[in-house]
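Quick note: the sequence shown uses the numbering used here, first residue 8, plus one each step. Some notes on the structure that comes next.
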Amino acid sequence: MFLYAETPVHAGSGSGVAGIDLPIQRERFTNLPILQPSGLKGALREFFENGKGLLPGHLDPEIFTIFGPDERKASENAGALCIEEARLLLFPVRSLKGVFAYTTCPIVLRRFYRDLEVLKHLGQDLIGSPLPDWLSLTTESIPDDQVWTIKPAEISECKILSHSEKITLEEFTFTAVPKGQVSSLAEWLDSKLSGVTLDLAARLAVMSDNTFRDFVEFSTEVITRTRIDDEKGTVVKGALWTEEHLPRESVLYCLLLSCKPLKSGVTGLSTADEVLNYITNNTTPALRPAYLWLGGNQTVGRGLVHVVFS
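The structure is reproduced here in structure tokens:
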């Protein structure tokens with residue numbers, strides 16, 4: 008399942024310890040942004056409940072089978088759907104040319120490939136045969152002063168390329184190195200992210216692990232918010248805080264796995280494959296295209312993501 012941020016996403020991790028009061032969720036040892044599976048599961052459940060027009064408190068056997076019962080019957084059975092944390096795949100960074108670039112790095116692609124291998128082992132092969140050229144990027148060592156872009160024959164299509172074969176992201180300038188593997192990655196991702204127009208061939212940039220880590224640490228969107236006193240029209244004392252957001256245009260992914268349903272007697276939901284088919288192939292018009300609200304601050308337009316099931 009791919010997640011494309013239509014608006015900034017604030018999946019908070021609680022109080023901050025640095026300059027940001029409310030930081031986003033991050034993996035501890037890499038500091039890469041993630042979305043915890045509990046929030047994803049709740050958002051998916053709400054999405055399917057709304058698609059079926061269920062009222063609050065309605066007991067639906069299909070929802071109970073897939074996601075588990077509500078707290079009133081929590082001891083009866085576990086849900087059949089397993090959702091892993093969402094991991095960052097593409098991160099938008101401001102560019103001197105072309106407005107912004109979609110960035111990624113070898114370690115992110117390597118972990119993405121390992122997750123695809125898990126799916127292949129479980130019977131869902133998204134990689135295909137022959138293996139795509141972009142897989143070689145997972146083992147590359149890219150110098151910190153370079154950014155790899157689409158292959159030379161297509162370099163005129165690259166919108167982020169400045170003069171003299173340079174790319175400037177934020178205030179840093181890198182040497183652009185055209186690579187066929189980057190074109191392969193752009194084509195492959197475009198084929199999987201159906202319904203989402205990313206223009207990857209013109210904006211994709213693969214950089215070193217260190218450079219990518221620095222961008223996702225220091226180039227997220229930080230918003231300052233206040234609370235106004237209704238009577239005075241001024242800021243309430245102490246009501247000034249900062250929130251960190253994943254910027255719009257971010258692309259994440261997560262694995263959806265399933266087991267044989269523990270609740271029996273529901274037509275069409277007796278195997279693990281039927282559970283996944285219900286999630287990924289549900290053709291109810293109300294559920295297409297799929298949009299979820301993730302994280303906090305929905306009432307101020309945060310957290311709208313476009314979901315693509317693959």
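All C-beta atoms in this analysis are idealised placements derived from N, C-alpha and C, irrespective of residue type, glycine included. Just so it is clear, the structure is predicted and the values come from calculations on it, not from any experiment.
Rounded to whole angstroms, what's the CA-CA distance from residue i to residue j? Just pull it up for me.
i      : j      : result
Glu69  : Leu262 : 21 angstroms
Ala85  : Leu192 : 38 angstroms
Phe119 : Gly202 : 21 angstroms
Phe219 : Ser257 : 13 angstroms
Ala93  : Glu238 : 43 angstroms
Gly308 : Gly19  : 15 angstroms
Glu164 : Phe71  : 49 angstroms
Pro76  : Gly26  : 40 angstroms
Ser265 : Ile114 : 27 angstroms
Can the beta-carbon of residue i be found less than 8 angstroms from the beta-carbon of residue j?
i      : j      : result
Leu42  : Leu200 : no
Ser198 : Ile157 : no
Pro44  : Gln32  : no
Leu253 : Phe54  : no
Glu251 : Val229 : yes
Arg255 : Ala12  : yes
Glu194 : Thr182 : no
Gly105 : Lys166 : yes
Phe10  : Val312 : Phe is not the amino acid found at residue 10; the sequence shown has Leu there. Yes, the Cβ-Cβ distance between Leu10 and Val312 is below 8 angstroms.
Assign residue i to one of three DSSP states: helix, strand, or coil.
i      : result
Glu238 : coil
Thr44  : One point to set straight first is that residue 44 is Pro, not Thr, in the sequence displayed. Helix.
His17  : coil
Ser265 : strand
Thr290 : Reliability fails at Thr290, whose pLDDT of 47 lies under 50, so the model's placement of it is uncertain and no value is given.
Thr153 : Position check: residue 153 holds Gln in this sequence, whereas Thr was assumed. Residue state, collapsed to three classes: strand.
Leu207 : helix
Glu124 : helix
Ile167 : coil
Lys199 : helix
Ser317 : coil
Taking residue i as the reference, give the member of the options with the closest Cα.
i      : options                       : result
Asp216 : Ser20, Asn38, Glu251          : Asn38
Leu47  : Tyr260, Gly105, Glu177        : Tyr260
Asp221 : Glu178, Val106, Val273        : Glu178
Phe98  : Val16, Val184, Thr72, Pro185  : Val16
Tyr109 : Leu211, Thr249, Ile73, Lys270 : Leu211
Report yes if the C-beta of residue i is less than 7 angstroms from at least one heavy atom of the ligand COA; otherwise report no.
i      : result
Leu116 : Absence of the ligand COA is noted for the structure shown, with no ligands found whatsoever.
Is the number of C-beta pairs between the segment 138–146 and the segment 103–120 that are closer than 8 angstroms three or more? yes
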